[in-house]
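Colleague: Supplied in structure tokens, the structure appears directly below.
Numbering (the working numbering), first residue to last: 446 to 694.
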């Protein structure tokens, strides 16, 4: 059934990412992990929003579910965590560049709901041809945490990115038309929004699996010059840069 498929995909993904299945599917504030702040903050420290998972059902309470720090992941001040499955080559994206990427998206809360997945992903590889996502750095058209996680990637790199709600999808855009990436179908959007707009004890942290395809640079005429794509393992040559005059969509 759909739940069995969801659990399979998440267990596969978390095994690649080094996440424990228990952490990946934790969906509520239980007796075990929902403790007074004094139990998970250093003595004398004031509570910090980033130390607790955002849950509407616990708003205003003096306790909460502590943020999980995933082993072998780099953690940023914003709460973002990431781990490289494969390193890329070349430069990092810069302000004004157009980033072309492929992605998968999973909720960590409520049994790891899939809101965008590719069929047959193995070992973090993205093999099938597809219509890739794109965004211009600094344009505000992508989830803030995802942009942050991609900016330190290089072409051909594959990264697991864990994004807390504070730097995730904005709640004033339920169709995800203004800020993407948008789930490609109704089922994906419903799965994502079920978690994002749930007012109970559900962890709204998201897990993205991202491959950076190429970086296009502004050509000064309202368009972009296509960047090169990393050569495949089969030895295909990367295409030469091609100038595009069309405006960014």
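Each residue gets a CB set at the ideal place from its N, CA and C atoms; glycine is no exception.
Between the Cα of residue 661 and those of 650, 673, 667, spot the shortest distance and give me the residue it belongs to.
Modeller: Measuring from the Cα of residue 661, the nearest candidate turns out to be 673.
Colleague: Given that a residue counts as buried once 16 or more other Cβ atoms are within 10 Å of its Cβ, and exposed if not, what is residue 591?
Modeller: The residue in question, residue 591, is buried, as its Cβ has 16 or more Cβ neighbours within 10 Å.
Colleague: Rounded to whole angstroms, how far is the Cβ of residue 641 from the Cβ of residue 616, which I believe are closer than 8 Å?
Modeller: Between residue 616 and residue 641 the Cβ distance is about 7 Å, and since that is below 8 Å, they are a contact.
Colleague: DSSP on residue 603, reduced to helix/strand/coil?
Modeller: Reduced to three states, the DSSP call for residue 603 is strand.
Colleague: Is the number of C-beta pairs between the stretch 524–537 and the stretch 591–608 that are closer than 8 Å three or more?
Modeller: Contact holds: three or more Cβ-Cβ distances are below 8 Å.
Colleague: Near residue 614, which residues of its chain fall below 7 Å by C-beta distance, leaving aside the five closest residues on each side in sequence?
Modeller: 588, 621, 624, 641.
Colleague: Kindly provide the ranges of any beta strand (DSSP E) runs that are 3 or more residues long and lie completely inside the stretch 591–662, ordered along the chain.
Modeller: Listed in chain order, they are 603–608.
Colleague: Could you pull the start and end residues of the beta strand (DSSP E) that residue 552 belongs to?
Modeller: Residue 552 -> beta strand (DSSP E) spans 543–552.
Colleague: Could you work out which residue in 598, 637, 666, 522 is closest to residue 547 when comparing CA atoms only?
Modeller: When only C-alpha atoms are compared, the closest one is 598.
Colleague: Are residue 553 and residue 648 close, meaning C-beta to C-beta below 9 Å?
Modeller: Yes, these two residues count as a Cβ contact at 9 Å.
Colleague: Could you check how far apart the C-beta atoms of residue 595 and residue 545 are, in whole angstroms? I think they sit under 8 Å.
Modeller: Actually they do not touch by this definition, with Cβ atoms about 11 Å apart.
Colleague: So the candidates are 643, 522, 541; which of them puts its Cα closest to the Cα of residue 667?
Modeller: Comparing Cα-Cα distances from residue 667 to each of 643, 522, 541, the minimum goes to 541.
Colleague: Quick one: measure Cβ to Cβ for residue 533 and residue 657, integer angstroms, because I've assumed they're closer than 8 Å.
Modeller: So it is a contact: roughly 6 Å between Cβ atoms.
Colleague: With distances taken between CB atoms, is the gap from residue 586 to residue 580 smaller than 9 Å?
Modeller: Cβ distance < 9 Å, so residue 586 and residue 580 count as in contact.
Colleague: Going straight from the alpha carbon of residue 468 to that of residue 518, what length do you get?
Modeller: With a pLDDT of 39 at residue 468, under the threshold of 50, the modelled position of that residue is not reliable, and the figure given next carries that caveat. C-alpha separation (whole angstroms): 14 Å.
Colleague: Count the other C-beta atoms from every protein chain shown that fall within 10 angstroms of the C-beta of residue 522, then say buried if there are 16 or more, exposed otherwise.
Modeller: Counting Cβ neighbours within 10 Å, residue 522 comes out exposed, since fewer than 16 surround it.
Colleague: Smallest Cα separation from residue 610: which of 633, 600, 630, 638?
Modeller: Ranking 633, 600, 630, 638 by Cα distance to residue 610 puts 638 first.
Colleague: Taking the straight line between their C-alpha atoms, what separation do you get for residue 655 and residue 628?
Modeller: Each residue's alpha carbon lies about 14 Å from the other.
Colleague: Output needed for residue 659: all residues of its chain with C-beta closer than 7 Å, excluding positions within five of it in sequence on either side, in chain order.
Modeller: Hits under 7 Å: 545, 600, 671, 672, 673, 674.
Colleague: Could you name the residues of the same chain whose beta carbon sits closer than 8 Å to that of residue 514, not counting the 5 residues immediately before and after it, in chain order?
Modeller: 520, 526.
Colleague: Between residue 392 and the rest of its own chain, which residues show a CB-CB distance below 8 Å, the 5 nearest in sequence each way excluded?
Modeller: Here the chain comprises residues numbered 446 to 694, so residue 392 is not present and cannot be evaluated.
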